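**Q** Residue numbers (the numbering used here), protein chains in the order written: chain H, 1485 to 1858; chain R, 1485 to 1858. Quick one: the structure is below, questions incoming.
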DNA sequence: GCACCTTGTGGTAGCGCTACCATGATGAGG
DNA sequence: CCTCATCATGGTAGCGCTACCACAAGGTGC
């Protein structure tokens, strides 16, 4: 890692007398063994709950452990224990804030379990093929795949072919062939739509996400279902295609706001597009939320850094990623030829976060809507 | 990334004498050494960025590392390296995107060095006093302080009094009593202003950051210096006070845009406020950058997620935080009574990132300006 | 010319723990 | 009584890496 910087590292002298290497501190297994009048091996057995230790010996050891306040050294344990789990986190180019949340969860859990996490960018699909088998050869046993990679069947297949364990995080739909951690996208979009309807809106616009990601379709379906259930008509003109990017959101919002009469609320499939919608509304001198309600999805950082802050759906990204790490660890441990490719599915709870971008329809709009009906 | 090199690992090591303990062998430092035709020690040096390695050797080793996809074993590292360091990252409430970048850098470096990183929110200053000594008693040896905490002398003093090592990241000015990692805020703001002037602008607005942070003042000074050097007058009406928040940016931008004649460019002291300025400009039906240039500072994720993407100053936040971790680790290791409170200062390189929010002044504005001069 | 650095490199000895034998003790079966 | 499985335990050899020298090669300075 060479960064273009100059640093003043003049200090190199300092001849301290090496106290860290041996010195004081931290009782070791040998200390315990001495105190319990047995060998380190026996202590190790007790710690690891092995069977073949006499009850009396075990008690002695336990006693010594308590007396010395001994805590086994994690690092040494996993070093000696051999097989350290290595997991790769592949990513294409998700939104940066999504990725950082994602990393936090994975890194934290990996550190807790003393698992090696390798973070790998994986730009192009053709390249990925070679990359994956290289990683597997290099000792990587599992792969965590955030969107949009989690929807790429060829990557999934490649991992399986190489003998790796794949866990997709946040795919729209789970296929049984691999593990997945997700939220119920359909239900979340449904809930949000219900929320908007509950505010009194009837003319609600929707911006679809990137059509290549399964989640986009599911969110749209959730929206549709709630609208239909409420007996509201869904005009094609009030549904715009986006790509999950801010820019695509601007284009889509522009289109929706130009419809006559305009929607009193817009539900965008992610926060970037919702933020763009707010910007477009402002450009038209519409107040958010008084003139128009705008809701997003994902609760990325953007949602709370713009004004008004967005009402959105919070995915527990960190927890989801942590869960993915756990799942790989588990799958690896019980990797009998049989259960190998089972593919556990976990659905986690999302949350509708209400902030300042939603409100009931304005009187003017209501009036307009009322008159329009007649 | 270089592909096309097949992995020659297995053919190279014919004997395969290991394999006893581990089934799936991850490449070790010895494998790399063999591939790079040097000793494991040299590889270790390269990995740890030590100085005394010839450039050619370093390159060879780096090459071998890449080829083998080698990843150092953290467990072994911390075992051999001695005690495990514990560092706290205290934060008040910086912008979320800043924080997430910040965390990434720290987490990554901490994980790389097997340092235990404790992330601690520290809302109120009175509370902080107790918190710090509690953490030190609990075995925390170092503290990383992002803005705005890095400007709080009482926190710094408290850490020193408790015997902890403090490193401020991104303070405006370094005091010798503690470590600091920063960029040259003044120079960066100066450069950006020069850039804007170079585009042909003369009537340039500025939005100041939170006055409690030293960096705000430095950025303002950099702006002033460049303006004066170019012989441009600085109207008080074209300088607005902000707080580094999106919302404060909206208020400030509104004020600046209402000035008659309005500025043809606005330089905001951070990206959040710049983004807000773009939004306000749009609300007034001003095109960015054709009608007005808007520049930010920090290059947080927001800068590239809105449209147009912001021209801004990129601080290597991640690298800076990583550097802070390194500095604490080093300071701790050579913590002789003498060198203890030395307080190393590191200044890192920033970069002016040009994107799509700047352009020369429009003809209309130029004309206006020209006529105004007469 | 010989002390002295300085610089790049290699060798060795562990860090604390566990895998894998090897060893004494036991008891059961012949 | 002697074999042979079955315990309970000990010894040894690393796991992968880094701290600490040692050492050779190339300067300086006088």
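We treat Cβ as the ideally placed atom computed from N, Cα and C, and that holds for glycine. If you're wondering where the values come from, they're calculated on a predicted model, not measured in any experiment.
(1) Spatial neighbours of residue 1680 (chain H) within its chain, please: C-beta separation below 8 angstroms, excluding the five flanking residues on both sides.
(2) Quick check: the Cα distance between residue 1762 (chain H) and residue 1791 (chain H), rounded to an integer number of angstroms?
(3) Within 8 angstroms (strictly less), CB to CB, does residue 1769 (chain R) reach chain H?
(4) Would you call the region 1614-1625 of chain H in contact with the region 1644-1654 of chain H, where contact means no fewer than 3 C-beta pairs closer than 8 angstroms?
(5) For the region 1715-1732 of chain R, which residues have a CB atom closer than 7 angstroms to at least one CB atom of chain H, in sequence order?
(6) To be precise: take each residue of the region 1638-1666 of chain R, compare its Cβ to all Cβ atoms of chain H, and keep it if any distance is under 9 angstroms. Which residues remain?
(7) Enumerated in chain order, which unbroken segments of the alpha helix (DSSP H) with a length of 4 residues or greater are wholly contained in the region 1568-1649 of chain R?
(8) Here's a check: name, in chain order, each residue in its chain whose Cβ is nearer than 8 angstroms to the Cβ of residue 1833 (chain R), leaving out the five neighbours to either side.
(9) With a threshold of 16 other CB atoms inside 10 Å of the CB of residue 1702 (chain R), please say whether the residue is buried or exposed.
(10) For residue 1652 (chain R), which beta-bridge partners are listed by DSSP?
(11) Name, please, each residue of chain H whose Cβ falls closer than 7 angstroms to the Cβ of residue 1588 (chain R).
(12) Work out the CA separation of residue 1765 (chain R) and residue 1767 (chain H) for me, nearest whole Å.
(13) Against residue 1758 (chain H), what residues of chain R qualify as contacts under a CB-to-CB distance less than 7 angstroms, listed in chain order?
(14) Buried or exposed for residue 1513 (chain R), please, with buried defined as at least 16 other CB atoms from any protein chain shown within 10 angstroms of its CB.
(15) In its own chain, which residues sit with a C-beta less than 6 angstroms from the C-beta of residue 1710 (chain R), not counting the 5 before and 5 after it?
(16) Does any residue of chain R bring its CB to less than 8 angstroms from the CB of residue 1598 (chain H)?
(17) Would residue 1560 (chain R) count as contacting chain H if we go by Cβ distances under 8 angstroms?
(18) Should residue 1864 (chain R) be flagged as near chain H, meaning a C-beta pair shorter than 8 angstroms?
(19) Thinking C-alpha only, which one of R:1706, R:1571, R:1747 and R:1844 is nearest residue 1722 (chain R)?
(20) So, helix, strand or coil for residue 1516 (chain R), using DSSP?
(21) Work out the CA separation of residue 1831 (chain R) and residue 1659 (chain R) for me, nearest whole Å.
(22) Measuring straight from C-alpha to C-alpha, what distance separates residue 1627 (chain H) and residue 1695 (chain H)?
(23) For residue 1798 (chain H), name the three-state secondary structure that DSSP assigns.
(24) Along the region 1510-1522 of chain R, where does the CB come closer than 7 angstroms to a CB of chain H? Name the residues.
(25) Using a Cβ-Cβ cut-off of 6 angstroms (strictly less than) and excluding sequence neighbours within five positions of residue 1840 (chain H), which residues of its own chain qualify?
(26) Against chain H, does residue 1840 (chain R) count as a neighbour if the rule is that its beta carbon must be under 8 angstroms from one of theirs?
(27) Between which two residues does the alpha helix (DSSP H) harbouring residue 1727 (chain R) extend?
(28) Have a look at the DSSP bridge pairing and note the partners of residue 1836 (chain H).
(29) Quick one: what does DSSP say residue 1682 (chain R) is sitting in, helix, strand or coil?
(30) Note down, in chain order, each residue of its chain lying with its Cβ closer than 7 angstroms to the Cβ of residue 1844 (chain H), except the 5 sequence neighbours on either side.
(31) Should residue 1744 (chain R) and residue 1781 (chain R) be called a contact, given that it needs their Cβ atoms to be closer than 8 angstroms?
(32) Against residue 1563 (chain H), what residues of chain R qualify as contacts under a CB-to-CB distance less than 8 angstroms, listed in chain order?
(33) Using a C-beta cutoff of 8 angstroms, does residue 1591 (chain R) count as contacting chain H?
(34) Within the same chain, show all residues whose beta-carbon is closer than 7 angstroms to that of residue 1527 (chain R), passing over the 5 residues directly before and after it, in chain order.
(35) Would you say residue 1538 (chain H) lies against chain R (beta-carbon separation less than 8 angstroms)?
(36) Could you tell me whether the Cβ of residue 1824 (chain R) comes closer than 8 angstroms to any Cβ of chain H?
**A** Quick look at the numbers:
(1) As a position in the first chain, residue 1680 (chain H) is number 196, starting the count at 1. Shown here for residue 1680 (chain H): same chain residues with a beta carbon closer than 8 angstroms to its own, the five before and five after excluded, namely 1688, 1749, 1751, 1777, 1779 and 1842 in chain order.
(2) For this step, residue 1762 (chain H) is matched to residue 278 along the first chain. For this step, residue 1791 (chain H) is matched to residue 307 along the first chain. In a straight line, the C-alpha of residue 1762 (chain H) is about 9 angstroms away from that of residue 1791 (chain H).
(3) For the purposes of this step, residue 1769 (chain R) is identified with residue 285 of the second chain, where counting begins at 1. Interface residue, yes.
(4) A contact between stretches requires three or more CB pairs, one per stretch, nearer than 8 angstroms, and the region 1614-1625 of chain H meets this requirement with the region 1644-1654 of chain H.
(5) For the region 1715-1732 of chain R, which is checked against every Cβ of chain H, the residues closer than 7 angstroms are 1730 and 1731.
(6) So nothing in the stretch comes that close.
(7) Every alpha helix (DSSP H) of 4 residues or more that sits fully in the region 1568-1649 of chain R is shown, in chain order, as 1580-1596, 1609-1621 and 1637-1646.
(8) Here the question's residue 1833 (chain R) lines up with position 349 in the second chain. Only 1667 and 1800 meet the Cβ criterion.
(9) For the purposes of this step, residue 1702 (chain R) is taken as the residue at position 218 of the second chain. It counts as buried.
(10) For the purposes of this step, residue 1652 (chain R) is identified with residue 168 of the second chain, where counting begins at 1. For residue 1652 (chain R), which the question treats as bridged, DSSP gives the partners R:1629 and R:1664.
(11) As a working mapping, residue 1588 (chain R) is identified with position 104 in the second chain. Correct list: 1584 and 1587.
(12) Walking along the first chain from the start, residue 1767 (chain H) turns up at place 283. Walking along the second chain from the start, residue 1765 (chain R) turns up at place 281. Rounded to whole angstroms, residue 1767 (chain H) to residue 1765 (chain R) spans 8 angstroms at the Cα level.
(13) Your numbering for residue 1758 (chain H) matches position 274 in the first chain. Near residue 1758 (chain H) there are no residues of chain R at all, since even the closest Cβ is about 12 angstroms away, more than 7 angstroms.
(14) What you label residue 1513 (chain R) is simply residue 29 of the second chain in a count that begins at 1. Buried, by the Cβ-count rule.
(15) To locate residue 1710 (chain R), count along the second chain from 1; it is residue 226. Result list for residue 1710 (chain R): 1674, 1677 and 1678, in chain order.
(16) Walking along the first chain from the start, residue 1598 (chain H) turns up at place 114. For residue 1598 (chain H), the nearest beta carbon of chain R is closer than 8 angstroms to its own beta carbon.
(17) Position 76 of the second chain, counting from 1, holds the residue named residue 1560 (chain R). Interface residue, yes.
(18) Since the displayed chain R opens at 1485 and closes at 1858, residue 1864 (chain R) lies outside it and no answer follows.
(19) The count along the second chain starts at 1 and reaches residue 1722 (chain R) at position 238. Closest in C-alpha terms to residue 1722 (chain R), from the list R:1706, R:1571, R:1747 and R:1844, comes R:1747.
(20) Here residue 1516 (chain R) refers to the residue found at position 32 of the second chain. Three-state result, residue 1516 (chain R): helix.
(21) Position 175 of the second chain, counting from 1, holds the residue named residue 1659 (chain R). Position 347 of the second chain, counting from 1, holds the residue named residue 1831 (chain R). One C-alpha to the other measures close to 13 angstroms.
(22) Here residue 1627 (chain H) is taken as the residue at index 143 of the first chain, counted from 1. Here residue 1695 (chain H) is taken as the residue at index 211 of the first chain, counted from 1. Distance between the alpha carbons of residue 1627 (chain H) and residue 1695 (chain H): 24 angstroms.
(23) Along the first chain, one-based indexing puts residue 1798 (chain H) at 314. Note: residue 1798 (chain H) maps to strand in three-state DSSP.
(24) Result list: 1510 and 1511.
(25) As a position in the first chain, residue 1840 (chain H) is number 356, starting the count at 1. Taking residue 1840 (chain H) as the centre and dropping the five residues before and after it, the same chain places the C-beta of 1792 and 1793 closer than 6 angstroms to its C-beta, in chain order.
(26) By one-based count along the second chain, residue 1840 (chain R) stands at place 356. Not an interface residue.
(27) As a working note, residue 1727 (chain R) is residue 243 in the second chain. In the DSSP assignment, residue 1727 (chain R) falls outside any alpha helix (DSSP H) and carries neither an H nor an E.
(28) One-based indexing of the first chain puts residue 1836 (chain H) at position 352. For residue 1836 (chain H), DSSP records a beta bridge to H:1797.
(29) Walking along the second chain from the start, residue 1682 (chain R) turns up at place 198. The answer is helix: DSSP assigns residue 1682 (chain R) an H, G or I state.
(30) By 1-based counting over the first chain, the position of residue 1844 (chain H) is 360. Excluding sequence neighbours, residue 1844 (chain H) sits near 1683 and 1684.
(31) Taking the first residue of the second chain as position 1, residue 1744 (chain R) is located at position 260. Taking the first residue of the second chain as position 1, residue 1781 (chain R) is located at position 297. Going by C-beta atoms, residue 1744 (chain R) is not nearer than 8 angstroms to residue 1781 (chain R).
(32) For the purposes of this step, residue 1563 (chain H) is identified with residue 79 of the first chain, where counting begins at 1. By Cβ distance, chain R contributes 1557, 1559, 1560 and 1563.
(33) Residue mapping note: residue 1591 (chain R) aligns to position 107 of the second chain, counting from 1. At a cut-off of 8 angstroms, the C-beta of residue 1591 (chain R) has a neighbouring C-beta in chain H.
(34) In the second chain, the residue the question calls residue 1527 (chain R) occupies position 43. Excluding sequence neighbours, residue 1527 (chain R) sits near 1513, 1516, 1517, 1520 and 1545.
(35) Taking the first chain and counting its residues from 1, the one referred to as residue 1538 (chain H) is at position 54. Not an interface residue.
(36) Taking the first residue of the second chain as 1, we reach residue 1824 (chain R) at position 340. Summary for residue 1824 (chain R): the model assigns pLDDT 48, below 50, so the residue's position carries little reliability, and this model does not support an answer.
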